[in-house]
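See below for the structure under consideration.
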Amino acid sequence: MLQRVRALLSRRRFEENMSEELRFHLQQYAEDLVRSGVPLAAAERQARLELGLNTVKEECREARGLYWFDELARQVRHALRLLRKSPGFTATALATLAICLGANLAIFAVIDSVLLRSLPFPAAERLVTIYNTYPKAGVDRDGSSVTNYYERRGQLPAFSSLSIYREREVIVGEPGSTEKVPILAVSPEFFETVGVLPVRGRAFREEETTFETDQVAILTHACWQRRFNADPEILGRQFRVNARKITVVGVLPADFRFLSSGVQFFAPFASNPEERTARQRHSGGNRKYIVARLKPGATLSEAQAQIDSHNAALEAGSPQAKMLAEAGFRSVAVGLHEDHVATIRPTLWLLQAGVAVLLSIGIVNLANLLLIRANGRMKEMAVRQALGAGRRQIVIEVLVETTLLTLLGGLLGCAVGAGGVQLLASLGASQLPLGAQVVFDARAAWVALLAALALGVILAWPVAWFSVRDNALRGESRGATISAAAQRLRHALIVAEIALAFVLLASGGLLGLSLNRAMAVSPGFRPNHVLTGQILLPWTSYAEPAIRYSFVDELTRQVEAQPGVVAAGLVTNVPFSGHSGKSAATVKGHVSHPGESPRGSYSYAVAGNYFAAMGFVLHAGRFLASDERERNCVVDADFAQFYWPNGNALGQQLYSGSDATGQPYTVVGVVGPVKQAGLTDAVAQGAVYYPYRYRPEGELYLVARTATPPETLARTLQKVVRGLDPDLPLTDIRSMEARIDDSLLTRRSPAFLAGLFSAIALLLTTIGTYGVLSYAVVQRRREIAVRMALGARPNQIRSQYLALALRLLAAGLALGLAGAWVSGQAMQAVLFQVPALHPFVLGGAAGVLALACLAACLLPSHRAARTSPMEALAEN
Amino acid sequence: MQILPGTLDLLILKAVSLKPLHGYGVLLRIKQISGEALDIPQGSLYPALYRLEHQELITAEWAPSDNNRRAKFYTLTAAGRRRLKEETAGWNRMSAAIEAALRTTPEEV
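Those sequence lines, one after another, are chains L and C.
Residue numbers 1 to 876, in the working numbering, belong to the letters of the first sequence in order.
Residue numbers 1001 to 1109, in the working numbering, belong to the letters of the second sequence in order.
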């Protein structure tokens, strides 16, 4: 083999050498002949004749194993000629392959980057995350607490390293030109846990975990390049973060990227001694996570067992042990990568299944077109076989032609796939977990070409089989009886194609219906004409609650004074922000009945005219006043319904927190429930709204109801915020409608793609049906002619083909119904309030397919009915 | 006299084993050492040479010929030498057997 390859590479030298050697031979021989008395011209002629130059060269090449190469080149040229001769077929086949392979490649590129490739850390499969869950309290996921980290590190033998990180946003830059930047605050062993250390400088130290000593940072490579112009003297340089000077102590390698975070730099995870105590063990919150590395040999289940017994030992005898058990508390260890992409995995595999079905339709279609084409050439093949062409030769010819076709299709498919990745990115793939890493690279291209090659070989077999059968000559002879086996196969393929298309159409319909139902859900407020933006009050300059409160107060008044603003307010967590923010509230006098779980409710602090700005519905009592000074609160209808089912919520008292300590708040109003996590969020957990004065948190959303289209006010609001504090940027400015739209991304994009796939499938099926039917007409031209000569009316002929089309359609739909049921079942996880089989969707899909099949049938049947008996019979 | 089928390779190996030769030289040498009795069809010589070279029984090298033209000279390789020995032994056994068979008289049956 190696020699053969070498021979190919030095092909030209081989030819030159061979020619020279044979020329030498001819000269020598001719000279000898001349010496024996033959005239020069005659001698040269005799020498050439005796050697037989061309035959010798051919045989020499064959002796050196070059025969195959020449033969292949010849076959490829022949195949290209054939493909050029039927441009309609070639274009259809190439377009089918390009679109079907390209769609598969694009989705595969996403799956490969998001689900299959391991995270860019050494032995990344050993990285796990641990989160707390209180399922019976309605809190499925609560991150981890600082206490969890301090209690666990070094205590769980299954882990070689355990660390905690917190997603944070900070304000970077000099006054007037500040920007909000995402960062990660990480514990000292974090870089050791993930297995990548800074390339310059050092990791964080244990003594840097207090608020007095945490003014250090480790930069990402990109941040070092962009913000600091890749300064080689970067270590020790200072920059301004949250109005404090921070010193750079390290720079990370260029390819370092932790999950999906676009962080610019890392800071130490600082905490107070108070935050590390047992009292704070369950103050997880949403943005603190533990990441740990399993020891070599240790398994996830061992680790889980150790966490469980560690938790049990810590809580043994504690006053909240009973409450935790009732809430179903557990700490769950799960693979870091798996956990990070868990939400998107079913949707991605669903899309991959969808494009795989599309590819199957394309392959079936192509098989049919190839079979029809082969049938058209059957006579030629039969004659060639009769004249002595070997079966092997014909099989190789078919194989070369088909693989050439699929390889060309594969190349085009790569182009379509690369474009498809761009399309997916614009449809929101880049916002998926790990989605920014989605690329169409050499790996995907190789997969495409290998798939194309395999496809060519698979498609070649039925064609080759029909081409070399020994009855080919008889089958195509004057009797005009068509090969029954070939016809059965073609019809079976069309039935399969219709069935697959039906499955795709029905699945697409379910996704569309599901999206429609999700969009019909009311968010609980009036989202039109609402503009929102995020403000982060750095605790360094806003340490005093009074300062924060007066800032918020002033901001509301100034925003409301702007022309075009109807009402404005602030909230600590706006709906559809992507953060859940549930915590416990304790109702005074509530005696939990046996088996009742403690509940986590959404808790918000609001200021200004938040309720009016968002367009809340008031059920009872009143909204909180814009300058609410009393310890009052507002609850939502779900909360009121749970604790005071008799409707006497007003005037009741509750405590924020999981026990009745501190001062209670009095309920002064009941508002309609709103969707916090997303429109399809099913859990009615209840919500409590506290006055900002009593819970002045630093993370805020400004909410303004506008008289004009909300986006037009974005600059105005930014200017107002900067006017109050030149250090503060207003970020993430989006209208409420845009937030809701974005929250539907994982429903809208798959529905759109399913619609696209269905349209392509429909087109392919129409082409396939048309191809088979019009071929059937051409094949039976003689038969039709005879029948018409004997008195058959054109309508009879026409209805015969219509009946054939309907039979194929009925068989395809019956098969497809079974497939649709299976796919509907498999899709339940991503559907919203839609059953696996929906009569309207199924009926619509069947109707569309029937229309397509009838349209495909029209032209061939019309042509059949217009057959002229004289002409058709004269042809033979 | 035409050569027996299958003996061309053996003759080429033998000719080349005596002295490195170019293709035309192989032709002349076989004629010479067979006492002008064996005639090689010119058309089958070169494919045979290429086949033997491909099997690495002989190797080729370009060198000036007697009349100072560039020619491709073939030499026996170690594997070629082994093959020549085997084939020669095989041929000797075969011809001895045939000779014995042909010498048989009615009395010996």
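Note that the Cβ used here is the ideal one computed from N, Cα and C, for glycine as well.
Suppose you measure from the CA of L/Thr572 to the CA of L/Gly819; what does that come to, to the nearest Å?
The residue you call residue 572 of chain L lines up with position 572 of the first sequence. The residue you call residue 819 of chain L lines up with position 819 of the first sequence. Answer to the nearest angstrom: the Cα atoms are 48 Å apart.
Quick one: Cα of L/Ser177 to Cα of L/Arg715, how far?
As a position in the first sequence, residue 177 of chain L is number 177, starting the count at 1. As a position in the first sequence, residue 715 of chain L is number 715, starting the count at 1. Their backbone Cα atoms lie some 15 Å apart in a straight line.
Taking L/Gln28 as the query, report the chain C residues whose CB atoms sit under 7 Å from its CB, ordered along the chain.
Sequence index remark: in the first sequence, residue 28 of chain L carries index 28 (1-based). Here the neighbours are Tyr1024.
Out of C/Leu1011, C/Leu1049 and C/Leu1018, point me to the one whose CA is closest to C/Ala1037's CA.
Within the second sequence, the letter at position 37 stands for residue 1037 of chain C. When each option's Cα is compared against that of C/Ala1037, the closest is C/Leu1011.
Name the DSSP bridge partner or partners of L/Tyr134?
Along the first sequence, read from residue 1 onward, the residue named residue 134 of chain L stands at position 134. The partner list for L/Tyr134 (beta bridge, DSSP) reads L/Val139.
Start-to-end residues for the beta strand (DSSP E) that takes in L/Val571:
As a first step, residue 571 of chain L is located in the first sequence; it is residue number 571 there, counting from the start. Per DSSP, L/Val571 belongs to the beta strand (DSSP E) from Val565 to Val571.
Could you check the C-alpha separation between L/Ala480 and L/Glu871 for me, to the nearest Å?
Residue 480 of chain L sits at position 480 when you count from the first residue of the first sequence. Residue 871 of chain L sits at position 871 when you count from the first residue of the first sequence. Note that L/Ala480 scores 41 on pLDDT, short of 50, meaning its location in the model is unreliable and no value can be drawn from it.
Rounded C-alpha distance that separates L/Gly201 from L/Val216:
Looking up residue 201 of chain L in the first sequence gives position 201. Looking up residue 216 of chain L in the first sequence gives position 216. One C-alpha to the other measures close to 12 Å.
Assign L/Glu169 to one of two classes, buried (16 or more other C-beta atoms within 10 Å of its C-beta) or exposed (fewer than that).
Indexing the first sequence from 1 puts residue 169 of chain L at position 169. The residue in question, L/Glu169, is buried, as its Cβ has 16 or more Cβ neighbours within 10 Å.
Taking only beta carbons into account, state which residues of the region 1069-1081 of chain C come closer than 8 Å to chain L, listed in chain order.
Hits within the stretch, in order: Arg1069, Arg1070, Ala1071 and Lys1072.
Might you give, ordered along the chain, the residues of its own chain that have their beta carbon closer than 7 Å to the beta carbon of L/Tyr643, omitting 5 neighbours on each side?
Start at 1 with the first residue of the first sequence, and residue 643 of chain L comes out as number 643. Correct list, in chain order: Val587 and His590.
For the beta strand (DSSP E) containing C/Trp1062, list its first residue and its last residue.
Here the question's residue 1062 of chain C lines up with position 62 in the second sequence. Ile1058 to Pro1064 is the span of the beta strand (DSSP E), which, as asked, contains C/Trp1062.
According to DSSP, is L/Val334 part of a helix, a strand, or is it coil?
Within the first sequence, numbered from 1, the residue matching residue 334 of chain L stands at position 334. Shown here, L/Val334 sits in a strand according to DSSP, grouped into three states.
Which residues share a DSSP beta bridge with L/Glu179?
Counted from its first residue, the first sequence places residue 179 of chain L at position 179. Per DSSP, the beta bridge partners of L/Glu179 are L/Val172.
Which residues bound the alpha helix (DSSP H) around C/Phe1073?
Locating residue 1073 of chain C in the second sequence gives position 73, counting from the first residue. Run containing C/Phe1073: none in the alpha helix (DSSP H); it sits in the beta strand (DSSP E), Arg1070 to Leu1076.
Could you say if the region 295-312 of chain L and the region 156-172 of chain L meet the contact criterion of at least three C-beta pairs nearer than 8 Å?
Two segments are said to touch when three or more pairs of C-beta atoms, one from each, lie closer than 8 Å; by this definition the region 295-312 of chain L touches the region 156-172 of chain L.
Neighbouring residues, chain L, relative to C/Gln1042 (Cβ below 7 Å)
Residue mapping note: residue 1042 of chain C aligns to position 42 of the second sequence, counting from 1. Within chain L, the residues placing a beta-carbon under 7 Å from that of C/Gln1042 are Glu50 and Leu51, ordered along the chain.
According to DSSP, simplified to helix, strand and coil, what is L/Asp70?
For the purposes of this step, residue 70 of chain L is identified with residue 70 of the first sequence, where counting begins at 1. Of the three classes helix, strand and coil, the one that applies to L/Asp70 here is helix, per DSSP.
Contacts around L/Glu614, its chain only, beta-carbon distance under 7 Å, and the 5 residues preceding and following it disregarded
In the first sequence, the residue the question calls residue 614 of chain L occupies position 614. Position check: residue 614 of chain L holds Met in this sequence, whereas Glu was assumed. Residues of the same chain with a CB within less than 7 Å of the CB of L/Met614, apart from the 5 flanking positions on each side, are Phe525, Val530 and Val703 in chain order.
Looking at the C-beta of L/Glu59, does it have a partner C-beta in chain C at a distance below 7 Å?
Working through the first sequence from its first residue, we reach residue 59 of chain L at position 59. It does; some Cβ of chain C falls within 7 Å.
Confirm, please, whether the CB-CB distance from L/Phe502 to L/Leu849 is below 7 Å.
The sequence position of residue 849 of chain L within the first sequence is 849, counting from 1. The sequence position of residue 502 of chain L within the first sequence is 502, counting from 1. Yes, the Cβ-Cβ distance between L/Leu849 and L/Phe502 is below 7 Å.
Strictly below 9 Å CB to CB, what residues from chain C border L/Leu22?
Walking along the first sequence from the start, residue 22 of chain L turns up at place 22. Contact of L/Leu22 with chain C by beta-carbon distance below 9 Å involves Gly1023 and Tyr1046.
Give the DSSP-derived three-state secondary structure of L/His619 in the structure shown.
Working through the first sequence from its first residue, we reach residue 619 of chain L at position 619. In this structure, L/His619 counts as strand in the three-state DSSP scheme.
By the criterion of Cβ-Cβ separation under 7 Å, what are the contact partners of L/Val56 in chain C?
On the first sequence, residue 56 of chain L is found 56 positions in, with the first residue counted as 1. Gly1043, Tyr1046 and Pro1047, listed in chain order.
Span of the alpha helix (DSSP H) around L/Gly600:
Within the first sequence, the letter at position 600 stands for residue 600 of chain L. Annotation for L/Gly600: no alpha helix (DSSP H) segment contains it, though the beta strand (DSSP E) segment containing it runs Gly600 to Gly608.
At 7 Å on the CB atoms, spell out the chain C contacts of L/Arg12, in chain order.
As a first step, residue 12 of chain L must be located in the first sequence, where it is residue number 12. Those within 7 Å of L/Arg12 in chain C number zero; the least Cβ separation is about 16 Å.
Where in the region 613-680 of chain L do unbroken runs of the alpha helix (DSSP H), each at least 4 residues long, occur, reported from the N-terminal end onward?
Counting only runs of 4 or more, we get 637-643.
Does any CB atom of chain L fall closer than 7 Å to the CB of C/Arg1083?
For the purposes of this step, residue 1083 of chain C is taken as residue 83 along the second sequence, with counting starting at 1. For C/Arg1083, no Cβ of chain L is located within less than 7 Å of the residue's own Cβ.
For C/Thr1104, which residues from the same chain have a beta carbon less than 6 Å from its beta carbon, with the 5 sequence-adjacent residues on both sides left out?
What you label residue 1104 of chain C is simply residue 104 of the second sequence in a count that begins at 1. Hits under 6 Å: none found.
Chain C within 7 Å of L/Ala63, Cβ atoms only
Within the first sequence, the letter at position 63 stands for residue 63 of chain L. L/Ala63 counts as touching chain C.
Using the C-alpha atoms, what's the distance from L/Leu412 back to L/Ala445?
One-based indexing of the first sequence puts residue 445 of chain L at position 445. One-based indexing of the first sequence puts residue 412 of chain L at position 412. Approximately 11 Å between the Cα atoms of the pair.
Alpha carbon to alpha carbon, what distance is there between L/Gly768 and L/Gly419?
Indexing the first sequence from 1 puts residue 419 of chain L at position 419. Indexing the first sequence from 1 puts residue 768 of chain L at position 768. The alpha-carbon atoms of L/Gly419 and L/Gly768 are separated by roughly 26 Å.
Secondary structure at L/Leu162, three-state DSSP: helix, strand or coil?
Residue numbering aside, residue 162 of chain L sits at position 162 when the first sequence is read from its first letter. In the structure shown, L/Leu162 sits in a strand (DSSP, three-state: E or B).
For L/Val956, does the count of other Cβ atoms within 10 angstroms reach 16, so buried, or fall short, so exposed?
With chain L represented from 1 up to 876, any question about residue 956 of chain L goes unanswered, as that position is not in the structure.
Kindly indicate if chain C contains any beta-carbon less than 7 Å away from that of L/His221.
The residue you call residue 221 of chain L lines up with position 221 of the first sequence. No, its Cβ sits nowhere closer than 7 Å to a Cβ of chain C.
Can you pull the chain L neighbours of C/Arg1051, defined as C-beta to C-beta under 7 Å?
Here residue 1051 of chain C is taken as the residue at index 51 of the second sequence, counted from 1. At a beta-carbon threshold of 7 Å, the residues of chain L lying near C/Arg1051 are Ala63, ordered along the chain.
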